[in-house]
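Below is one structure, written out as structure tokens; comments come after it.
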Amino acid sequence: MAEQIEFDQAHQALQEVTEALENGRFVHVRRQLQDMEPEDIAHLLEASPRKSREVLWQLTDPEDYGEILDELSEDVKDDLVSRMAPEMLAEATEGMDTDDVAYVLRSLPDDVSREVLSQMDDEERQRVETALSYPEDSAGSLMNTDVITIRGDVDIDVVLRYLRMRGELPEATDALYVIDAENRLIGELSLMTVLTTQPDVRVAEVMEDADDAIEVTMSDSDVASLFERRNWVSAPVIDENQQLVGRITIDDVVDVIREDAEHSMMSMAGLDDDEDTFAPVVKSARKRSIWLGANVLAALAAASVSNMFEATLDQMAAIAVLMTIVPSMGGVAGNQTVALVIRGLALGHIGDANKRELLMKEAAIGFLNGVLWALIIGGIVVAWKGNWILGGIISAAMMTNLLVAGIAGVMIPVMLKKMNIDPALAGGMALTTVTDVIGLSVFLGLATILI
1 MAEQIEFDQA
11 HQALQEVTEA
21 LENGRFVHVR
31 RQLQDMEPED
41 IAHLLEASPR
51 KSREVLWQLT
61 DPEDYGEILD
71 ELSEDVKDDL
81 VSRMAPEMLA
91 EATEGMDTDD
101 VAYVLRSLPD
111 DVSREVLSQM
121 DDEERQRVET
131 ALSYPEDSAG
141 SLMNTDVITI
151 RGDVDIDVVL
161 RYLRMRGELP
171 EATDALYVID
181 AENRLIGELS
191 LMTVLTTQPD
201 VRVAEVMEDA
211 DDAIEVTMSD
221 SDVASLFERR
231 NWVSAPVIDE
241 NQQLVGRITI
251 DDVVDVIRED
261 AEHSMMSMAG
271 LDDDEDTFAP
281 VVKSARKRSI
291 WLGANVLAAL
301 AAASVSNMFE
311 ATLDQMAAIA
321 VLMTIVPSMG
331 GVAGNQTVAL
341 VIRGLALGHI
351 GDANKRELLM
361 KEAAIGFLNG
371 VLWALIIGGI
381 VVAWKGNWIL
391 GGIISAAMMT
401 NLLVAGIAGV
411 MIPVMLKKMN
421 IDPALAGGMA
431 LTTVTDVIGL
441 SVFLGLATIL
451 I
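Mapping to UniProt numbering: the sequence shown position 104 is 104, numbers consecutive.
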């Protein structure tokens, strides 16, 4: 209910702003934007056509740019950032986390990125350059270097006085990190422990082992899985020498989980997970044409099989009528398996230890469904066309194709994963090609031999 109310309010705000822009009431729009939260402005920008978006961005208070950029999807963020002067970009990044600043700079040309870095103070520039030195999809690029560290040989009273002196804690801080003289992580001290422990107790006596430390080279997807399984709010990040280099918070991980989910969904259609809804027509058409071209090749493969049996198709019209049923059923069954396997791979549920068992299970499911639907469709064909041979042919083809679909539905995503090809992007199309070719070959081949 609350989500529906929020959606309705966002839709109403978009409608009001759009009407105000069309009527040239820019002062009214500026005032309305001043009353909105950064995340609501970000939603408004993403839901607006590009021309309206440009005007809205100009009417937005520059002091809010950093927080708004934090909330935007990649394509929209890149679009807005590309039109900002380096000086304005440097000013906007002052309110952003280090990992978010690094992301923005990665999307810029090298000369512009260097210019933005030159506008920062030395400490901030060093932090951002450190973040930029790590691979884009690693824990290092996800982490924030703003951490609170303490020594194990001090007592709780010293820790409390240190926190009071700081006056402000980094966002989502739930623990302090205990380090040695060489900056190696040796433990954690929760804020709850700080508040409930006697002031004269040493930190080393009440700290917990740093078992949840994340290696800086770990992939962001693996980081997200750890946070999800262990219900973390934050976690320390260490390098190969066990030295503390930063921390990752739940808000960054939520972004990764959302992006992975969007990526899986959009990749099924051959689209970028952060594609701008109102991107230029030519740009969108160019991106989608690549996927359409790949699909043409798959369709030509199926068409070439039909062409091989052209004489059979000419002799009996019923075969031409029925020939699409077998590949269609195989495609649906196979894509069910592909979706299951892609999900399992993403969650880390499928590996060398259990993929054989999964393959046998899906093959068995394919066989059982093949028998069931072979009997049903074969019976329909016999009743419809009065031809027992044709009914037997389509039944045999159906059983074969659904069995192949189950096996291919497991093998294709696993093989693509090993080849470092995204199964969500290529798995569905590869599976459909296999079931189309096998289904048509078996059906038309048997028809050629037996009829």
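We put the beta carbon where it would ideally sit given N, CA and C, even for glycine. Remember, predicted model here, so these are calculated numbers, not experimental data.
So, is residue i buried or exposed, given that buried needs 16 or more other C-beta atoms within 10 angstroms?
{"i": "F443", "result": "buried"}
{"i": "H349", "result": "exposed"}
{"i": "S52", "result": "buried"}
{"i": "I377", "result": "buried"}
{"i": "E208", "result": "exposed"}
{"i": "N231", "result": "exposed"}
{"i": "D100", "result": "buried"}
{"i": "K77", "result": "buried"}
{"i": "W384", "result": "exposed"}
{"i": "Y134", "result": "buried"}
{"i": "P38", "result": "buried"}
{"i": "G24", "result": "exposed"}
{"i": "D211", "result": "exposed"}
{"i": "V437", "result": "buried"}
What is the rounded straight-line gap between the Cα of residue i and the Cα of residue j?
{"i": "I214", "j": "I250", "result": "14 Å"}
{"i": "V414", "j": "V341", "result": "8 Å"}
{"i": "M120", "j": "V404", "result": "59 Å"}
{"i": "T196", "j": "L105", "result": "42 Å"}
{"i": "F26", "j": "D79", "result": "22 Å"}
{"i": "M84", "j": "A364", "result": "58 Å"}
{"i": "L191", "j": "A90", "result": "33 Å"}
{"i": "K361", "j": "R343", "result": "16 Å"}
{"i": "R164", "j": "V158", "result": "10 Å"}
{"i": "E3", "j": "V128", "result": "Low confidence applies here, because E3 scores a pLDDT of 48, under 50, leaving its location unreliable; read the following figure in that light. When rounded, the distance between both Cα atoms is 36 Å."}
{"i": "M308", "j": "A339", "result": "32 Å"}
{"i": "T324", "j": "A235", "result": "53 Å"}
{"i": "I5", "j": "E63", "result": "Note that I5 has pLDDT 47, beneath the 50 cutoff, so the model's placement of it is unreliable and the number below is only indicative. In a straight line, the C-alpha of I5 is about 29 Å away from that of E63."}
{"i": "L450", "j": "I389", "result": "8 Å"}
{"i": "E240", "j": "V216", "result": "8 Å"}
{"i": "S48", "j": "G406", "result": "43 Å"}
{"i": "V321", "j": "V55", "result": "55 Å"}
{"i": "S88", "j": "N144", "result": "Reading off the sequence shown, one finds Met at residue 88, where the question assumed Ser. Looking at the two C-alpha atoms, the distance is approximately 22 Å."}
{"i": "L185", "j": "I238", "result": "8 Å"}
{"i": "A447", "j": "L431", "result": "24 Å"}
{"i": "A353", "j": "S328", "result": "32 Å"}
{"i": "R229", "j": "I156", "result": "31 Å"}
{"i": "A301", "j": "A346", "result": "30 Å"}
{"i": "I68", "j": "V282", "result": "27 Å"}
{"i": "M1", "j": "P423", "result": "Only weak support is given to the placement of M1: the predicted model assigns it a pLDDT of 48, under 50, and the question is left unresolved by the model."}
{"i": "V206", "j": "T173", "result": "18 Å"}
{"i": "G331", "j": "G366", "result": "12 Å"}
{"i": "E357", "j": "G351", "result": "11 Å"}
{"i": "S118", "j": "P109", "result": "14 Å"}
{"i": "E19", "j": "D61", "result": "20 Å"}
{"i": "Y162", "j": "I248", "result": "22 Å"}
{"i": "K355", "j": "V305", "result": "31 Å"}
{"i": "G386", "j": "A318", "result": "11 Å"}
Considering only residues of the same chain and omitting the five flanking positions on each side of residue i, which have a CB-CB separation below 8 Å?
{"i": "V154", "result": "R202 and V203"}
{"i": "residue 452", "result": "Beyond the ends of the chain as shown, which are 1 and 451, falls residue 452; an answer cannot be given."}
Which same chain residues, not among the five before or five after residue i, have their C-beta less than 6 Å away from its C-beta?
{"i": "T149", "result": "Y177 and I179"}
{"i": "V434", "result": "A408"}
{"i": "G391", "result": "G378, V381 and V382"}
{"i": "V57", "result": "Correcting the residue identity first, residue 57 is Trp in this sequence and not Val. Answer for W57: L80, listed in chain order."}
{"i": "A175", "result": "E188 and S190"}
{"i": "A224", "result": "V253, V256 and I257"}
{"i": "Y65", "result": "A92"}
{"i": "E146", "result": "According to the sequence shown, residue 146 is Asp rather than Glu. Taken in chain order, the residues that qualify are P170."}
{"i": "L359", "result": "V410"}
{"i": "residue 461", "result": "Absent from the structure is residue 461, since the part of the chain shown begins at 1 and ends at 451."}
Strictly under 8 Å for the Cβ-Cβ distance: is residue i near chain C by that measure?
{"i": "Y162", "result": "The structure shown contains no chain C, having only a single protein chain."}
Sorted by chain position, which residues of the same chain lie with C-beta nearer than 7 Å to residue i's C-beta, five sequence neighbours on each side aside?
{"i": "V371", "result": "M399"}
{"i": "N183", "result": "Q243 and L244"}
{"i": "A426", "result": "L416"}
{"i": "L59", "result": "F26, V29, R30 and L33"}
{"i": "N369", "result": "A333 and L402"}
{"i": "A102", "result": "V128, A131, L132 and S141"}
{"i": "M96", "result": "G66, L69 and D70"}
Practice item. Taking 8 Å as the threshold, find out whether the region 163 to 171 comes into contact with the region 122 to 134 through three or more Cβ pairs. Key: By the criterion of at least three beta-carbon pairs nearer than 8 Å, the region 163 to 171 is not in contact with the region 122 to 134.
Practice item. Take every Cβ of the region 387 to 402, pair it with every Cβ of the region 429 to 445, and state whether three or more of those distances are shorter than 8 Å. Key: Yes, since at least three Cβ pairs between the region 387 to 402 and the region 429 to 445 fall closer than 8 Å, the two stretches touch.
Exercise for review: Mind listing, in chain order, the continuous alpha helix (DSSP H) runs of no fewer than 4 residues lying wholly within the UniProt domain "CBS" (207 to 265)?
Suggested key: Runs of the alpha helix (DSSP H) lying entirely within the UniProt domain "CBS" (207 to 265), each at least 4 residues long, are 220 to 230 in chain order.
**Study point:** At least 3 beta-carbon pairs within less than 8 Å: the region 215 to 233 vs the region 128 to 147
**Key:** With contact defined as three or more Cβ pairs closer than 8 Å, the region 215 to 233 and the region 128 to 147 are in contact.
Review point. In chain order, which continuous runs of the alpha helix (DSSP H) of length 4 or greater are located wholly inside the region 120 to 153?
Key: Fully enclosed alpha helix (DSSP H) runs of no fewer than 4 residues occupy 122 to 132 and 139 to 142 of the region 120 to 153, in order along the chain.
Check your understanding: Along the chain, which unbroken stretches of the beta strand (DSSP E) at least 3 residues long are found entirely within the UniProt domain "CBS" (143 to 205)?
Key -> 149 to 151, 175 to 179 and 185 to 190, all fully within the UniProt domain "CBS" (143 to 205).
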